[in-house]
Every structure is written in C-alpha cells, then in structure tokens.
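A short worksheet on the structure shown next.
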Amino acid sequence: MKNRKAWLAVFGAAAALLLVPPLVTAGGEETGPQIRGLRMMVPNSPGGGYDITARTAVKAVEDAGLNGNVEVFNLPGAGGTVGLGRLVNERGNGKLAMSMGLGVVGSVYTNKSPSSLQDTTAVAKLTEESDIIVVSKDSPYQTIQQLVGAWKADPGSVPVGGGSAPGGPDHLAPMLMAQAAGIPPTRVNYIPFDGGGELMASVLGGKVAFGVSGIGETRDQIDAGALRALAVTGPVRVPGIDAPTLQESGVDVAFTNWRGIVAPPGLSDSDRERLIGLFTRLQDTPQWQEALQRNGWTPAFQPGDEFAAFLKTENDRVASVLKELGLA
C-alpha cells in the first residue's frame, strides 16, 4: 500500500509538471527566449517588399527552431501608415511586431500621419537592397539610356510605377533619377501601387512604361523572362542580375532601400530584449543566410538602440529630400 501511494505521488508530480507550459511562470509571463503567440504585421499588400521580408524572416525563424509558429498578416493602406497607427495603438504588446522600411519613413510625411516611427520600439534593421528599373519583355526600351531619352523628351507620356506611396523608396528613386537626368520632378508621371505585387502586374500589363521596385519582388519574373532589368539603383551591380548601375549608365544616382522590424511602444524590458534577441539569433542561421543570397539582400543588421539612432537619421534625411523635391 505504501508503495502504491508513493507511486501515485510520483505520478501526480510528473503530471503536474507536464501540465505547466515550460516557458511560462505561475504569473503567465514567458521566461524563455521564445515568444508564444507572436504575430508579424505587414503594412502593405501580399507580394510587396515588406511582405516578402516578413514571410522570409518568419520562415527562417521557424525552420531554424528559434520560435514556434508566427502568424503573418497584412494590414495595407496609406503607404504603411495604417499599419503603423495600429502598431502604436497596441502599446505594451510584446507579441506583435511589424515589418517595415524606408517607405514608411516617407509616408509619415506625405500622408501627414499622426503616428511616426519615433513612437515605436526599434527592434532590428535587417537588410539593404538596391532598387531595380524593369520593363515588360514587350517594351520598346532595351537599355536604360533608351528609356531615359524617351522620358526626357516627354515625361508625362512615360509613366513610372512604384510599389510605395509618395515619399517611399520606389518613389524617391525615380524622382532622384529624374532630377539627375534634368527632368523636373513636378513633370514626373508617378503612379503608386500598394506593394510590389500590384506594381508588377501593372508593368506586365503595360499600364506603366517602367517600374521601380526591390530585387526580391522582381527576380522571379526577370528569371522567367517576363521582365527585362534595365538598371539597378545601388552603387554596385547585383549578383545574378544582368543590369548595370545607374551611375555606370550616366545617371548620377546611387540609392538603396532598407527594411527592418519595429514593435509597439511601451514594451517591458524583458519583452523588448526577447524580440531583439530573436532577430539577433536569426542572423547566423543557415536559413537566413540562404534567404539573403536568394533575394539579393545585403545584410545590414542593427539591433535595438543602433536601429533607433538610424531611424532618427533616416527620418531627417527623408524630410530633407522631400522638401528639396517640393513634396513636403
């Protein structure tokens, strides 16, 4: 009888341990590095740069065993500022993060958003990448020089599409191109799309003469022969893309985009460090390294406070450029 009671006591203790989640304290707060119930917001449509970055990073996180299932959801609108407003309103929520980039910095100005990136918790800058100038395979433009020549002759008849709202990278890049080519920015016929997915459909359908977007949004169509790459906006050529830089082509512009992760304001120190730690651990995983190479992304990791300082600098830079172009 004593042995039976002892066995039941051991069994009961073991069962109690199994019933308590391993990363949760009695008060319900996670103590391990994983973030249960983590959600990643994408503030533009599926297929855009923020969407590709978010889903790629989340898959690498999950495949590397750094975290359990992470839900990715889209909340597009107003160049990313609808999502930004939602994020800022989720004050103290350590289970929510948002994929974002340079486009949101500009959209805050052009959409007169009541919320700014200064209101968020900076988690990590992840990547940089060149923008790319593409046309459909049926386009008459075979080279960037031909395109710029036609654009200069009649800017209004050569519409350019971008996967970001005015003030975003896909808008700033062609505006800087126009300025360098001697085209007044006010004469540029820029058509914004809510992400690279919508933009590529319009380029392929001939609704715009050319598109400006990220490498990740265009590489598959370039590889398939549906799109023709005319030039990249960065200072160096992109491996695997048969296109010169703008500077090589006589257009004195060197421009790169970047993307990162922010979270709601008012996080506890432990929640903030847990999010920063997750994306810090991601950097050295083979899954993330392969994703960087596949998408043509340049690693540009900056955690926490470093990223916050960078965001402040970018905010000031974009405001200056928009004012110079008469857009802010």
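In mature numbering (1 follows the signal peptide of the UniProt record, and there is no 0), the protein residues as written are -26 to -1, 1 to 302.
All residues carry an ideal CB built from backbone N, CA and C; glycine is no exception.
Fill in: Straight-line gap, ALA205 to ILE107 (C-alpha atoms, nearest Å)
5 Å
Worksheet item: With a Cβ-Cβ cutoff of 8 Å, do PHE47 and ARG10 count as a contact?
Response: no
Worksheet item: Considering SER187, what are the terminal residues of the beta strand (DSSP E) in which it resides?
Response: Where SER187 is concerned, the enclosing beta strand (DSSP E) stretches over 184 to 188.
Worksheet item: Would you call the CB atoms of ALA103 and ILE189 closer than 8 Å?
Response: First, the residue type needs correcting, since residue 103 is Glu and not Ala in the sequence shown. Yes; because the gap between Cβ atoms is below 8 Å, this pair is in contact.
Worksheet entry | CB contact flag (PRO17, GLY68, <8 Å) | no
Practice prompt. With GLN276 as the anchor, note down where its beta strand (DSSP E) starts and where it stops.
Written response: 272 to 277
Fill in: Beta-carbon contacts of LYS297 that lie in its chain and below 8 Å, excluding the five residues immediately before and after
none
Discussion item. Using a Cβ-Cβ distance cut-off of 8 Å, determine whether ALA265 contacts chain D.
Written reply: Absent from the structure: chain D. Only one protein chain is present.
Practice prompt. Spatial neighbours of GLY251 within its chain, please: CB distance less than 8 Å, with the 5 preceding and 5 following residues excluded, ordered by chain position.
Written response: Cβ within range, chain order: PRO7.
Worksheet entry | Beta carbon of LEU220 nearer than 8 Å to that of MET149 | Not a contact, by the Cβ cut-off of 8 Å.
Practice prompt. List the endpoints of the continuous alpha helix (DSSP H) containing ARG248.
Written response: 243 to 256
Item to complete: Sort out for me which residues DSSP pairs THR95 with in a bridge.
Response: ALA237
Worksheet item: Who are the near neighbours of VAL79 in its chain, counting only those whose CB is closer than 7 Å to its CB and skipping five residues on each side?
Response: Contacts found: LEU91, GLU288, ASN289 and VAL292.
Worksheet entry | Test item: CB-CB of GLY136 and VAL212 under 8 Å | no
Worksheet item: How is the alpha helix (DSSP H) around GLU172 delimited, first residue to last?
Response: 170 to 178
Practice prompt. Please state if the CB of GLY141 and the CB of THR230 are separated by a distance shorter than 8 Å.
Written response: No, the Cβ-Cβ distance between THR230 and GLY141 is not below 8 Å.
Practice prompt. Within the region 51 to 107, note down every full alpha helix (DSSP H) run reaching 4 residues or more, in order along the chain.
Written response: 55 to 63 and 76 to 84
Worksheet item: DSSP puts PHE47 in a beta bridge; with which residues?
Response: MET15, per the DSSP bridge assignment.
Item to complete: Work out the CA separation of VAL132 and VAL109 for me, nearest whole Å.
Response: Between VAL109 and VAL132, the alpha-carbon positions lie close to 12 Å from each other.
Discussion item. What residue range does the alpha helix (DSSP H) around ALA28 cover?
Written reply: 23 to 37
Worksheet item: Counting Cβ pairs, one atom from each stretch, are 3 or more of them under 8 Å apart for the region 155 to 169 and the region 118 to 132?
Response: yes
Worksheet item: Along the chain, where does the beta strand (DSSP E) that runs through GLY135 open and close?
Response: Looking at the DSSP string, the run of the beta strand (DSSP E) that includes GLY135 is 134 to 136.
Discussion item. Just to confirm, is the Cβ distance from THR95 to ARG246 under 8 Å?
Written reply: yes
Worksheet item: From LEU173 to ASP144, what distance separates their C-alpha atoms?
Response: Going from the Cα of LEU173 to the Cα of ASP144 covers about 10 Å.
Practice prompt. With distances taken Cα to Cα, identify the nearest neighbour of GLU45 among MET15, ASP279, PRO20 and GLY21.
Written response: MET15
Worksheet item: Just the Cα atoms here: how many angstroms apart are ASN41 and PHE184?
Response: 40 Å
Discussion item. Using 8 Å for Cβ pairs, my map puts PRO238 next to LEU61. What's the rounded Cβ distance?
Written reply: 5 Å
Item to complete: May I have the straight-line CA-CA distance separating ALA228 from ASP105, to the nearest angstrom?
Response: 10 Å
Discussion item. Could you give the first and the last residue of the continuous beta strand (DSSP E) run that contains LEU201?
Written reply: 201 to 206
Worksheet item: When you compare each of TYR24, ALA203 and LYS33 to LEU76 by their alpha carbons, which one comes out closest?
Response: TYR24
Item to complete: Determine the contact status of ALA98 and ILE235, defining contact as a CB-CB distance below 8 Å.
Response: yes
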